[in-house]
Each structure stands twice: as structure tokens, then as C-alpha cells.
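Chemist: Residue numbers (my numbering): 2 to 596.
What follows is the structure, given as C-alpha cells:
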């Protein structure tokens, strides 16, 4: 294919008037050019060259008074066909010389906008951003306001880091087609990248935090809407689209939809590893651990797990406290398919919850070097780098992951955990504690934007509420966590602390009312005694009700994580957070595509 930028051999051009100046241009007279043309003028004289002026069709376009004399012509901005270019060269002794070029602009518009969009998309896939931009601009020249060209331009400028132009072209699409989900998704990603850039350079960290939160929420919601539209386009679940529905639902975090889609076919194909893996994974991510154990039991009896399947079995048995079976399934996982991405991500997850910092670091480095740009890989890199003390590297990994897929709530949960850990450290200066609490809340709320029923995010918010003394809000969020994840032990664990905090407050109130009653009796204030006695009865009723909920929460966390919590009493804030940050995370695994 003809290159759009031409660099031709040096071709001397005769001057129009005799002078003591000798000059040449790298573009020959009569050449056909396209794309961006780079002109280079070489000029010599007995006197000093004072400068070179550059004209296009008689209009001055620039000048250069120092060698090398270089100029550019963006032919995509010019009309196709003949064009006149002139370089006027002057010397300090008054000598002058012109180089005149009669050129022809041909950007291949006859091939059509669709052709050039295809070329641009192929270049963009290979991250050849400059080529992609050039081809897409030609497509727009061939067909103005052509949205496919605008989209690839926006994506390519984004890839190159030219965010303002990327935003412009994405917004151009949205002006013409407000329902264009690709443009909306891309626009959100651009805003997110802008927020990352702005946050690293601003002194007003609170304003930067609000801008980042807004961008995160927008990006998450836009990506989720893309998935929702794909699901809606598939229509009601049928045998013909069942697996497609399940795959998209998994990506969208719609785990109940995925489970419903897979259950029927699972009954017929319980020996299909890819299918059973998806069902188990959806059940785990939905917090339906007992259902996942049931599926796993049948899988072991009737199926033939592959590497990813053994990995999910290892996760479930490790969680249940069955170390022997967990180790055996982990061994089978590696023997079966050690190179599979799902297997390696499972290893990273297990290293994370086991607090194997060195193992996680090693696995993360291997994944980074062999897999490259991948939101799941970047998530584990985010954790590994933070635990190794590389906070800047952790932030970079988070940003890469969020830009690749802003719909993954785990990314924001991890960032929130990191901020809350800083807020809880005794050495954190008092004036910074509130800021880190706000950072924590912003990330947990972004996680809710990605998954509105995230029991992890509700649990995290309850922890922040407790730290800030907002016990009513803490109980509300803890109850939401339990409602969304009835088998999620951290929700119960944090709830127990919230109820215990309320119990302390109510007990103090009870004592205060009792003291007031005693004082009123001493002063023979019978009406006041009656009033306070009724108040005391109300407080004691509230205490009884709150303690029932507290005890139910204790039973809930001991029941749902016997391995780590059986026999343990109500935690303090640091212990509750430590448990949530370590054991509250769910496996994030990219499974092989269904065949």
C-alpha cells in the first residue's frame, strides 16, 4: 500500500531569479503527496541565509530562520488535487531565491471511507496510533461526520495520550448519536484518564478526589450499560443463546442471571468443564458458597475438571478449611494446565488470601511480563505492589486495570482498603485521617456503581461509618451487606461490631436514665419518675432488640467462616478491617472462552 507520508530523494529545483543562493528541496516538483509531508530546505550562500518563508497557494504558512529549514504540510487538511508550494529564501546581502513546487495531493479518497476505517482499526489493534489517526482522518475527509471514523480517531488519540482530541471526537459521535454506547464508554474512559492525570498534579486533593470519584462512577456505569445492552439485545434466555447470556452476564457482574442461564444446561452437561466452571464461579462471586459446594461435589463425582476447575475446587475447599483437599486440588490444577491464565490467576488469589507476599509478587511479575495489558492481571499486580511497599506501582496497576475494565468492583474495593489501612495507622497525622476516610468512601461508592448489590462495598462502607462514629449508617450498610450476601462472613463480622457499638451507647443511655429516675425520686417528682420510667422501658426494649441482632450477627460470621472465626468474639475496628481486607475478597479469574 502506498505510504501517505512521502520522503523523496533530494531534487534540486532551479531558482526563478539569478542570485548567489544555492538551494534544494527534498520534495521534487510534480510529486504526488499525501498524509503529512515533511519539507526540508538546504540553502547556501556567500552571505548568511537570513531565513526561509513557506507559502501554500500564495498564502504564507510559516518561516524558519535557522538551519535545518523544515516545514510540514498536512495534506489531509487541504483540497485534493493540484497545489502550489513556494519557499522564499533570503540572505543578509539582499540576495533572494524562490523554490516553486507544483504538487498533487492524493490521499486515496477514491478507496472510500469504509476502506480507511478498516485500515485505521487494524493499525489501532496493533497500537500503531499515528497510522490509525492518519487513516481515520482520511476516512473523515472522504466522508465527513462519519461516526466509525470518529470513533477510531477517539480511540487512537486516547491510545496516544492526546486526551483533548480523543474527547472531542467521542463527543462528536455522541452529539450525532447520544445512544452510542461505544462512544459513551470511550468518553468515560477518557474522562477517567484525565482524572488520573489531574489527580497526580493538583494541590487541591479534595477537588481531585471528587473529580476522580465522578469519573470512576461514570466509567463503571457506562461499561455496565454496554453489557446490559448486549444482554437486552439477546432477548429472553433460550437454548440457542443460553451460553452467550451466561458469558455476558459474568462480565457484567450479573451472577444470578448467569446462574439461571447455566443451571438448565448444567443438568444435561454436568461433565462439561467449561460450563461447570462458569456455574461454580458465578455462584462464588454471587456469595452463594453452599450452592458452589454442591456444584463442586457433583463435579468431583460426575465430571472431569480441567485446570481451572481444579483451581475453583481448591478455592472452595481452602475456604471451607479442608487444607488436605485444597492442596490436592491445587496440585491437580497445576499438573493439568499450569500455563492457563485462569490457573495462574487462581494461584495469585490463593497467595493473596494466604498473605504469601513473596509468592504473590513472583506470580504477579510473571503475569505482567507474559500476559501484558489485562484488567485481571493488573488487579493482582495492584495488590502485590502495595503489599511490597511499591505504592506508586500499585497506583499505576490500578489505573491500568480501571482503564481496561472500569466495571470490576474489586479494583475499587482494593483501593478503598488501602486508603482505610492508612487512615487506621497510628502514625497517620490527624489532619490526614479524614481525607483518607473520604478516599476510602469514594472508592467503595465507585464499587457500588460498578455493582449496586456489592456486599463487599457495603461492608467496607460500614467500616468507614464506624470509624467516623456514624453507627446508624454503619448498621444500615452492614444490613445491606448481609441482605446482598447472606453467606458473606465479613458482613456479619462488621455488623456485630456495629451492633456492639450501639449496645454500648444504649447501655450508657440506660444508666443515665436510671440516674435521672433516682434523682427524681429523691426530689419526689412523681410525674418525672413516670415519664423517665417509660423512657427506660423503651431503651431496654431497644437494647434487647439490638442484642438479638448482635447475637445473630455473631452466629452468622461463626457459621459462614468456621475456619477463621468460630469461637471468636466481637472484634474491634482494626481486627474487623484486617479480616475484611484479607478474607473478604472474592476470586477474580478470567476463564477460558466457551467452545
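Backbone N, C-alpha and C fix where the C-beta goes; we use that ideal spot for every residue, glycine too.
1. Report the three-state DSSP secondary structure of residue 87 (helix, strand or coil).
2. What is the rounded straight-line gap between the Cα of residue 19 and the Cα of residue 78?
3. What are the residues that DSSP puts in a beta bridge with residue 103?
4. Report all residues from its chain with a CB closer than 7 angstroms to the CB of residue 1; omit the five preceding and five following residues, and keep chain order.
5. Examine the Cβ distances between the stretch 520-532 and the stretch 468-475 and report whether three or more of them are shorter than 8 angstroms.
6. Would you kindly work out how many angstroms separate the C-alpha atoms of residue 591 and residue 270, rounded to a whole number?
7. My guess is that residue 303 and residue 261 are in contact by the Cβ rule of under 8 angstroms, so how many angstroms apart are they, rounded?
8. Do you know whose CA, among 234, 285, 106, 69, lies nearest residue 86's CA?
9. On the three-state DSSP scale, how would you describe residue 120?
10. Contact defined as beta carbons within less than 8 angstroms: I believe residue 153 pairs with residue 180. What is the distance between those atoms, to the nearest angstrom?
11. Quick one: what's got a C-beta closer than 7 angstroms to residue 93's C-beta in the same chain, skipping five residues either side?
12. Taking only the alpha-carbon atoms, compute the straight-line gap between residue 493 and residue 479 and give it to the nearest angstrom.
13. Within its chain, find whatever has a CB closer than 7 angstroms to the CB of residue 515; leave out the 5 residues flanking it on each side and keep chain order.
14. Is residue 455 close to the ligand PLP? I mean its beta-carbon at under 8 angstroms from any heavy atom of the ligand.
15. If we require 3 or more residues per run, which beta strand (DSSP E) segments fall completely within the stretch 290-373?
16. Excluding the 5 residues preceding and the 5 following residue 416 in the sequence, name in chain order all residues of the same chain whose CB lies nearer than 7 angstroms to its CB.
17. List the whole-angstrom C-beta distance separating residue 567 from residue 559, where the pair is believed to meet the contact cut-off of C-beta under 8 angstroms.
18. For the stretch 206-214 and the stretch 236-245, state whether three or more C-beta atom pairs, one from each stretch, are separated by less than 8 angstroms.
19. When DSSP builds the beta bridges, which residues end up paired with residue 64?
20. So, does the CB of residue 485 fall closer than 9 angstroms to a CB anywhere in chain B?
21. For residue 110, which residues from the same chain have a beta carbon less than 8 angstroms from its beta carbon, with the 5 sequence-adjacent residues on both sides left out?
22. Which one of 160, 161, 150 has the shortest CA to CA distance from residue 170?
23. Excluding the 5 residues flanking residue 540 on each side, which residues of the same chain have their C-beta closer than 7 angstroms to its C-beta?
24. Skipping 5 residues on each side, what residues in its chain have a beta carbon closer than 6 angstroms to that of residue 185?
25. My understanding is that residue 376 touches residue 214, with C-beta atoms under 8 angstroms, so please give their C-beta distance in whole angstroms.
26. If you draw a straight line from the C-alpha of residue 29 to the C-alpha of residue 55, how long is it?
Modeler: The relevant details are as follows:
1. Numbered from 1 along the chain shown, position 86 holds the residue referred to as residue 87. Three-state DSSP puts residue 87 in a strand.
2. The count along the chain shown starts at 1 and reaches residue 19 at position 18. The count along the chain shown starts at 1 and reaches residue 78 at position 77. Reliability fails at residue 19, whose pLDDT of 44 lies under 50, so the model's placement of it is uncertain and the value that follows must be treated cautiously. Computed Cα separation, rounded: 34 angstroms.
3. Residue 103 sits at position 102 when you count from the first residue of the chain shown. Residue pairing for residue 103: DSSP places it in a beta bridge opposite 85.
4. No answer is possible for residue 1: it lies beyond the span of the chain, which begins at 2 and ends at 596.
5. Using a Cβ-Cβ distance cut-off of 8 angstroms, the stretch 520-532 and the stretch 468-475 are not in contact, since fewer than three pairs of beta carbons, one from each stretch, lie closer than that value.
6. As a position in the chain shown, residue 591 is number 590, starting the count at 1. As a position in the chain shown, residue 270 is number 269, starting the count at 1. Each residue's alpha carbon lies about 21 angstroms from the other.
7. As a working mapping, residue 303 is identified with position 302 in the chain shown. As a working mapping, residue 261 is identified with position 260 in the chain shown. Actually they do not touch by this definition, with Cβ atoms about 21 angstroms apart.
8. Here residue 86 corresponds to residue number 85 of the chain shown, with the count starting at 1. In this structure, 106 is the residue among 234, 285, 106, 69 with its C-alpha nearest to the C-alpha of residue 86.
9. Here residue 120 corresponds to residue number 119 of the chain shown, with the count starting at 1. Helix, per DSSP.
10. The count along the chain shown starts at 1 and reaches residue 153 at position 152. The count along the chain shown starts at 1 and reaches residue 180 at position 179. That pair is no contact at about 19 angstroms.
11. Here residue 93 refers to the residue found at position 92 of the chain shown. Once the five neighbours on either side are set aside, the close Cβ partners of residue 93 are 48, 49, 51.
12. Here residue 493 refers to the residue found at position 492 of the chain shown. Here residue 479 refers to the residue found at position 478 of the chain shown. So the two alpha carbons sit approximately 7 angstroms from each other.
13. As a position in the chain shown, residue 515 is number 514, starting the count at 1. Result list for residue 515: 537, in chain order.
14. Of ligands this structure carries none, so the ligand PLP is not represented either.
15. You should have found no qualifying run.
16. Here residue 416 refers to the residue found at position 415 when the chain shown is read from its first residue. Closer than 7 angstroms at Cβ, skipping near neighbours: 399, 444.
17. Taking the chain shown and counting its residues from 1, the one referred to as residue 567 is at position 566. Taking the chain shown and counting its residues from 1, the one referred to as residue 559 is at position 558. Confirmed, Cβ separation roughly 5 angstroms.
18. Taking 8 angstroms as the limit for Cβ pairs, the verdict is that the stretch 236-245 does not touch the stretch 206-214.
19. Position 63 of the chain shown holds residue 64. Looking at the DSSP assignment, residue 64 forms a beta bridge with 54.
20. The chain labelled as chain B is not found in the depicted structure, where only one protein chain is given.
21. Working through the chain shown from its first residue, we reach residue 110 at position 109. Result list for residue 110: 81, 139, 142, 143, in chain order.
22. Here the question's residue 170 lines up with position 169 in the chain shown. When the alpha-carbon of residue 170 is set against those of 160, 161, 150, the nearest one is in 150.
23. Residue 540 sits at position 539 when you count from the first residue of the chain shown. Hits under 7 angstroms: 507, 510, 511, 514.
24. By one-based count along the chain shown, residue 185 stands at place 184. Closer than 6 angstroms at the Cβ level, and outside the excluded window around residue 185, lie 223.
25. Against the chain shown, residue 376 aligns to sequence position 375. Against the chain shown, residue 214 aligns to sequence position 213. Between residue 214 and residue 376 the Cβ distance is about 19 angstroms, and since that is not below 8 angstroms, they are no contact.
26. What you label residue 29 is simply residue 28 of the chain shown in a count that begins at 1. What you label residue 55 is simply residue 54 of the chain shown in a count that begins at 1. Between residue 29 and residue 55, the C-alpha separation is close to 16 angstroms.
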